[in-house]
Amino acid sequence: MRLKTSLLKEPKHILFELVRLLNGKKHKELVSCVGWTTADELYSCGDDHQIMKWNPVTSETTRVVKLPDDVYPIDLHWFPRGIGGKKQSQAESFVLTSSDGKFHLISKLGRVEKSVEAHCGAVLAGRWNYEGTALVTVGEDGQVKIWSKSGMLRSTLAQQASPVSNISWAPGSDKVLFTSGKQLIIKPLQPNAKALQWKAHDGLILKTDWNSVNDLILSAGEDCRYKVWDSFGRVLYNSQPHEYPITSIAWALDGELFAVGSFNTLRLCDKTGWSYALEKPNTGSIFTISWSIDGTQLAGACGNGHVIFAHVVEQHWEWKNFEITLIKRRTMKVHNVINDAVDLLEFRDRVIKASLNYGYLVVSTSLQCYVFSTKNWNTPLIFDLKEGTVSLILQAERHFLLVESGGLYLYSYEGRFISSPKYPGMRTDILNAQTVALSNDTLAVKDKADEKVIYIFEALSGKPLGDGKPLTHKTEIVEIALDQKGLTSERKIAFIDKNRDLFITSVKRFGKEQKIVKIGAMVQSLAWNDTSNILCGIQDSRFTVWYYPNTVYVDKDLLPKTLYEKDASEFSKNPQLVSFVGNQVTIRRADGSLVHLHISPYPAILHDYVSASRWEEGVRLCRFVKDQTLWACLAAMAVASKDMTTAEIAYAAIGEIDKVQYINSIKDLPSKESRMAHMLLFSGNTPEAETLLLQSGLVYQAIQVNINLYNWERALDLAVKHRTHVDTVLAYRQKFLEDFGKKETNQRFLQYAEGVSI
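Position 340 of the sequence shown, counted from 1, bears residue number 372 in the numbering used here, the numbering being contiguous throughout.
This is the structure we're talking about:
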């Protein structure tokens, strides 16, 4: 990936008064701030007091308005376009801060609607919150002030001893991040809430940015470094020192990329900090960087009077034997590495997002969506988009999801609209691949308002799944993923919470509380396989593959035996899983390099045999491979499918003799119901086993199960309720107490013992 930059031959921000004095030579004035209104329109302000409008497509520049001579602009921020597709009434205006201590609310046509005296000394930055309900300004007087939409002062949030040079809103608009010398400070808006403060740089901090999608913070300073932080103030990336101070830094809206500006330097970086590309344009210092709404291009305000435009090109997508590159803004190159065939795909508008998986390439441009089959690149299926600002494309085997500003839309690969799931308080602008998961029958979305909640929808209807209640966890959830294969009734969701613990649970839940089971700790990243239900993750310093995660519901003790583990120290710090296709895992290291790992192909073959109930072939495969892990997987799969014969062979192969004996005893039971109940007991599902026995009229067996598990109270309840075998329960209880030399102290047992002869 790289940046394709463009500059005009002559700067547009020049002081016309000085042109005459300098005998026709133009005096360049620095451009202080830039901001996009739409994907193709940019406004810029400079020390020549002019506001200019740019169209990078046609290279046209027009002057919007000339400000009074005493107004030197410093920062500009457009009013947010609206959340959840709702258009804002004030959307066509921006806030401009200036060196005279005022901020100005200016319409798109250049009319100054209001000027407000805000600070003593220059107003160094002004930012609208995400909803457009509040404005925050900071100044040379060290004050941080919150204003209403119309420019009325609401509160002075903080007073620092030194000038505050920059400010950013938190994703939820409930906190602000500002600078104070070398310190970064996160201050919640509610009074008396504790601020978080830490030393971030060895020099003055010049710029910050806080992304609403990934919740990460950027900072740039006079110590010539830029850094990436999480929202707790922990450093995730620290750059090498540059030649000059870093004067600007900005996130792309989707949080996947950020740009860094310095003297004659423009850098494109990944969210983890490593650099994709470095450009050395003739710009002077780049004071502000602004990304367009669709994230395909950026603009920079330059010290030599220019505005630099840069387009992101050469993105790569890979799947199996296909490699796709965006070579120009409207052209893709498809390379088939097997036969070296090359195809060029031309688009009417510029490409915004693309995704390649399951044999299909889905491309969204500014107005349309194209679906190509990898079997035929010549005839794409094309349909118009509802809004045209796609922020995310997710694919499953049968359909794909487009996340647009107005909602979530599911389409089939034939271009047919399937459904549009909705939930209360939906904000699509902050969804990414970690917080949305899609499979053939299910869609899961992690909520931002309550981070402990996952909404689960039926893909075909768009309605909430099961009883309609969302899945709720006890701590905040960070990342979610759905398995891709198997029956809908067995669909599993895996998720990582804030403590980096990995949990798995079933998606189908009707009223009863489904068990959420922990299967890993310190997990950084996870991915499900595309062809079988195998899960992989990077766990602490190990790369782990759960060959059959469902084992936790069948025989928990068996789970460690169904894992494959490999030392992950070669992947360096904070590696991320990119994909898990077939038996190849792709991992991106912290320095941006890709590592490909191959895992054993046999577990996937075993999954295929078991899903087709070809048990004998599964046993034959295990005997051929002679691997304990595979036998353990087969044992768990057989118990899950209630195939006792295969389970017995598999448990014997891994030396679990006690379980072999128990399975043998189950096989000797007379009725099908009691065999089923004992299989449930084997998997640890006591309540379900008891319910099954009671429904089948096997009351004595249900009582006996509770006696064997020493659930005395429950055994007595059942005996009393069904008026049978009360004496049996009391006799077993008495023998149990005698064996331990104890006396009966439970009042209920004493009460029934009086009336029953044992």
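By construction, the Cβ of each residue, glycine as well, lies at the ideal position given by its N, Cα and C atoms.
Beta-carbon gap between residue i and residue j smaller than 8 Å
i      : j      : result
LYS303 : ASN246 : yes
ASP570 : GLN556 : Looking at the sequence itself, residue 570 is Ile, so the reference to Asp does not match. Yes, the Cβ-Cβ distance between ILE570 and GLN556 is below 8 Å.
LEU534 : LYS550 : yes
SER64  : PHE319 : yes
VAL144 : LYS134 : no
THR706 : LEU725 : It should be noted that the sequence gives Ser, not Thr, for residue 706. For SER706 and LEU725, yes; Cβs fall inside 8 Å.
TRP409 : ASP375 : yes
TRP306 : ASN243 : no
VAL97  : GLY67  : no
PHE379 : THR406 : no
VAL731 : ALA721 : no
ALA622 : SER611 : no
ALA559 : LEU514 : no
THR129 : ASP107 : yes
VAL170 : ALA154 : no
GLN347 : MET33  : yes
PRO112 : GLY164 : yes
VAL395 : VAL383 : yes
GLY70  : ILE325 : Here residue 70 turns out to be Thr, not Gly, going by the sequence shown. Yes. Within cutoff.
THR661 : LYS588 : no
LEU35  : GLU311 : yes
GLN516 : ASP473 : no
ASP79  : GLU61  : yes
LYS140 : GLU124 : yes
ILE281 : CYS256 : no
ILE425 : LYS385 : yes
Proximity to residue i [Cα-Cα], best of the options
i      : options                           : result
LEU713 : PRO313, ASP700, ASN740 and GLY687 : ASN740
HIS109 : TRP160, ASP80 and GLN783          : TRP160
PRO702 : GLN733, LYS691 and ALA685         : GLN733
LEU298 : PHE772, THR37, TYR455 and ASP599  : THR37
LYS774 : LYS547, ALA709 and GLN766         : GLN766
VAL196 : GLN400, LYS214, VAL613 and TYR683 : LYS214
ALA664 : ALA154, ILE138, ALA644 and HIS639 : HIS639
TRP791 : GLY327, LEU250 and ASP255         : As shown, the chain starts at 33 and ends at 790. That puts residue 791 outside it, with no answer to give.
ILE698 : ALA644, ALA709 and ILE689         : ALA709
THR421 : HIS338, LYS480 and ASP286         : ASP286
TYR276 : LEU289, PHE264, TYR308 and GLY316 : GLY316
LEU399 : ARG362, ASN368 and PHE432         : ARG362
GLN435 : GLU419, ASP690 and ALA428         : According to the sequence provided, residue 435 is Val. The question's Gln does not apply to it. Considering only alpha carbons, the answer is GLU419.
TYR455 : LEU470, LEU433 and LYS480         : LYS480
ALA342 : LEU74, SER645 and VAL752          : LEU74
VAL617 : ASP771, LEU629, PRO607 and SER180 : LEU629
SER444 : THR467, TYR390, LYS495 and VAL485 : TYR390
PRO105 : VAL127, PRO88 and LYS85           : VAL127
THR357 : SER76, VAL692, SER423 and SER387  : SER387
GLY518 : HIS505, LEU653, TYR441 and ALA636 : ALA636
Residues bridged to residue i (per DSSP)
i      : result
ALA670 : The partner list for ALA670 (beta bridge, DSSP) is empty, contrary to what the question assumes.
ILE281 : VAL292
ARG159 : VAL168
VAL127 : HIS109 and LEU137
MET84  : SER76 and ARG95
GLN191 : GLN175
THR504 : VAL485
VAL737 : For VAL737, which the question treats as bridged, DSSP gives no partner whatsoever.
ILE414 : TYR402
PHE210 : ILE199 and ILE217
PHE354 : TRP351 and ASN368
ASP302 : LEU289
PRO496 : PHE489
GLU149 : LYS134
To test your reading of the DSSP string, which unbroken alpha helix (DSSP H) runs of 4 or more residues are found completely within the region 569-621? DSSP runs (the alpha helix (DSSP H)) wholly in the region 569-621: 583-586.
Which parts of the region 429-486 are runs of the alpha helix (DSSP H), unbroken and 4 residues or longer, counting only runs that do not cross its ends? none
Curious, which full-length alpha helix (DSSP H) runs of at least 4 residues does the region 750-781 contain? 758-771
Just to confirm the assignment: which complete beta strand (DSSP E) runs, minimum length 3, are found wholly within the region 319-346? 329-334 and 339-345
Taking three-plus beta-carbon pairs below 8 Å as touching, is the region 431-451 in contact with the region 353-365? no
Between the region 284-297 and the region 261-270, do at least 3 Cβ pairs fall closer than 8 Å? no
Is the region 187-196 close to the region 213-228, with three or more CB pairs under 8 Å? yes
I'd like to know if the region 671-681 and the region 594-608 are in contact, where contact means that at least 3 CB-CB pairs between them fall below 8 Å. no
If we count Cβ pairs, one from each stretch, closer than 8 Å, do we get three or more for the region 231-241 versus the region 452-464? With the cut-off at 8 Å, the region 231-241 and the region 452-464 do not touch.
Evaluate contact between the region 575-587 and the region 483-496, counting only Cβ atoms and requiring at least three cross-stretch pairs below 8 Å. no
Which residue spans inside the region 623-669 form an unbroken alpha helix (DSSP H) run of at least 4? Look at the region 623-669 and you find these whole runs of alpha helix (DSSP H), each 4 residues long or longer: 634-643 and 647-657.
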